[in-house]
Amino acid sequence: SGGMFSTGNEKIVDHPMSLNLDQGALTSFLGDDNDNNTNDDATKLQQIFCGATGTAMVLNDGRCFVFGSNKNDELGIGGPKSTETPVHVPLPDPVAKVSLGPNFSAFLTTTGDLYTCGYGGSAVNGMGCLGHGNMESYQSPKLVNSLVEDGCYASDVHCGEYSMTVLTTEGEVLTCGTGSFGRLGNMETLDQLYLEPVEMIAGDDVVQIASGFAFSLALNKGGIIHAWGKNNEGQLGAGVGLAVDVYAMESLPTPIEGLLEGRKVTRIAAGHSHAAAVTSTGELFTWGMHMDHEPKLENSLLHTKIVDVACGQNYTLALDQEGRLYSLGKGKTGVLGLASTKMTTQPILVEGIPAEEKVVTMSAGWTHVACTTALSE
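Going by the numbering used here, the sequence shown opens with residue 2, and the numbers climb by one from there.
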């Protein structure tokens, strides 16, 4: 994305490439023309967020830098339609989370405020995805005032194709944007110009959310997942009881059962058209991609305990308690990190990451991956 790992004329990097971002190297990589704070040796990279076609890097001082495609102004940097070098996105408060969607993006600050930018929608594609009460597009991040007026603070945000899902600090799930395929979870197909509660799970005490291209998941405190939206590839995990075709959908949050029934889920992830979950005992389940219409246990990982999961476009990453990374799915853009672009239906250890390093954070974009590592103790 945006040339982050490109070397020479390489179009696909199918193995992990190390990028040293310690101290001075971080300053050089960011090309920090915005201020002098990066010269401080205490400033470090905190997290990387890979999106549909772009990447965001958040430093431990809360500054955010972005690069990649900006065709819909989704990077929030103004005029350029793409950038291969990191550009600072000025926001009034430190950034905690970034969700870079295919058409628009959201920036969440440590104070719980939400800023959105990019494509605002249309009568054809649906409107309201930015949550500003209109279908205007914005080149730079704009505060979602309705949340401020309602006294709501956001703790997480995910951007889909033309809809947005937000989790508040009170455990409430809000959605806005196009209502087609039930992706707002309120039984209607009408667009919502402002963020509105998903009423059916209003009292569920949701602790985590995830969104794909046109569907969303919500995990409650009890470890149960609810899913809603488009189900054309079985991404809602509802099994074969519901028809899975190009028009398949669920307009209300529906609990995912099957093999997950009786298990407590601790982590969820949503890719373009598939999803995954980790249980309290460290099991990994995946579904969707026209392969499994309900949660499938990845038996080959039962020898270890999985603690986190991330999903991109038709691939999945799983992190175990030892800091080892596994990948499975379609690898045509090199996302599996297995020195191959072939598909694998079984999780395989990413051996390109040095054995003395453990993965600390990981992020799965649609067609690119980034993770941070630390030396094993």
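Even glycine gets a Cβ: it sits at the ideal position worked out from N, Cα and C.
Buried or exposed by the 16-neighbour rule on C-beta atoms within 10 Å, applied to residue i
| i | result |
| --- | --- |
| Pro-296 | buried |
| His-304 | exposed |
| Thr-86 | exposed |
| His-291 | exposed |
| Met-344 | exposed |
| Pro-18 | Reading the sequence as shown, one finds Met at residue 18 and not Pro. It is exposed - the Cβ of Met-18 has fewer than 16 other Cβ atoms within 10 Å. |
| Ala-97 | buried |
| Asn-300 | exposed |
| Glu-323 | exposed |
| Lys-231 | buried |
Contact under 8 Å by Cβ, residue i with residue j
| i | j | result |
| --- | --- | --- |
| Ile-1 | Thr-334 | Shown here, the chain extends from 2 to 378; a query on residue 1 therefore has no answer. |
| Ser-212 | Gly-161 | yes |
| Val-99 | Ala-155 | no |
| Met-165 | Gly-132 | yes |
| Met-250 | Gly-183 | yes |
| Ala-219 | Pro-256 | no |
| Asn-73 | Tyr-120 | yes |
| Asn-315 | Gly-272 | yes |
| Gly-138 | Gly-224 | Residue identity check: residue 138 is Ser in the sequence provided, not Gly. Their beta carbons are not under 8 Å apart, which means Ser-138 does not touch Gly-224 by this criterion. |
Supposed contact pair residue j and residue i - C-beta distance, whole angstroms, cut 8 Å
| i | j | result |
| --- | --- | --- |
| Tyr-327 | Ala-319 | 5 Å |
| Gly-77 | Thr-54 | That pair is no contact at about 14 Å. |
| Asp-309 | Val-279 | 7 Å |
| Val-207 | Gly-172 | 5 Å |
| Phe-108 | His-89 | So it is not a contact: roughly 12 Å between Cβ atoms. |
Rounded straight-line distance, which links the Cα of residue j to that of residue i
| i | j | result |
| --- | --- | --- |
| Ile-202 | Leu-196 | 15 Å |
| Asp-15 | Thr-368 | 11 Å |
| Ala-276 | Ala-270 | 6 Å |
| Asn-37 | Asn-71 | Here the model assigns Asn-37 a pLDDT of 46, short of 50, so the residue's position is not dependable, and the following value carries that caveat. Straight-line Cα distance between these residues: approximately 26 Å. |
| Ser-377 | Val-361 | 10 Å |
| Tyr-116 | Arg-64 | 14 Å |
| Val-149 | Gly-113 | 9 Å |
| Val-59 | Pro-93 | 14 Å |
| Lys-82 | Pro-142 | 16 Å |
| Met-188 | Glu-357 | 50 Å |
| Leu-191 | Phe-286 | 33 Å |
| Val-247 | Gly-127 | 19 Å |
| Asn-221 | Ser-29 | 42 Å |
| Cys-130 | Glu-352 | 40 Å |
| Lys-359 | Arg-268 | 19 Å |
| His-294 | Gly-204 | 28 Å |
| Leu-337 | Met-363 | 13 Å |
| Val-174 | Ile-307 | 26 Å |
| Thr-111 | Pro-95 | 6 Å |
| Gly-3 | Thr-84 | With a pLDDT of only 39 at Gly-3, under the threshold of 50, the placement of this residue in the model should not be trusted; the figure read from the coordinates follows. Their Cα atoms are separated by approximately 6 Å. |
Minimum C-alpha distance to residue i - residue among the options
| i | options | result |
| --- | --- | --- |
| Gly-134 | Ser-123, Ser-147, Val-125 and Gln-140 | Ser-147 |
| Asn-104 | Glu-75, Gln-347 and Lys-231 | Glu-75 |
| Met-136 | Asp-157, Cys-177 and Leu-22 | Cys-177 |
| Gln-347 | Val-336, Val-361 and Thr-317 | Thr-317 |
| Ala-365 | Tyr-116, Thr-28, Ser-29 and Ile-49 | Ile-49 |
| Val-199 | Val-88, Gly-223, Ala-228 and Lys-222 | Ala-228 |
| Asn-21 | Leu-31, Asp-94 and Ile-13 | Leu-31 |
| Ala-215 | Leu-237, Tyr-139 and Asp-321 | Leu-237 |
| Ile-210 | Gly-127, Asn-232, Asn-233 and Gly-186 | Gly-186 |
| Pro-91 | Gly-272, Thr-282, Val-125 and Gly-79 | Gly-79 |
| Pro-262 | Ile-226, Ser-138, Gly-152 and Val-208 | Residue 262 is actually Glu in this sequence, not Pro. Nearest option by C-alpha distance: Ile-226. |
| Asn-233 | Val-167, Gly-289, Gly-330 and Asp-321 | Gly-289 |
beta-carbon residue i near the ligand MG non-hydrogen atom, thresh 7 Å
| i | result |
| --- | --- |
| Pro-93 | This structure lacks the ligand MG, and indeed carries no ligand of any kind. |
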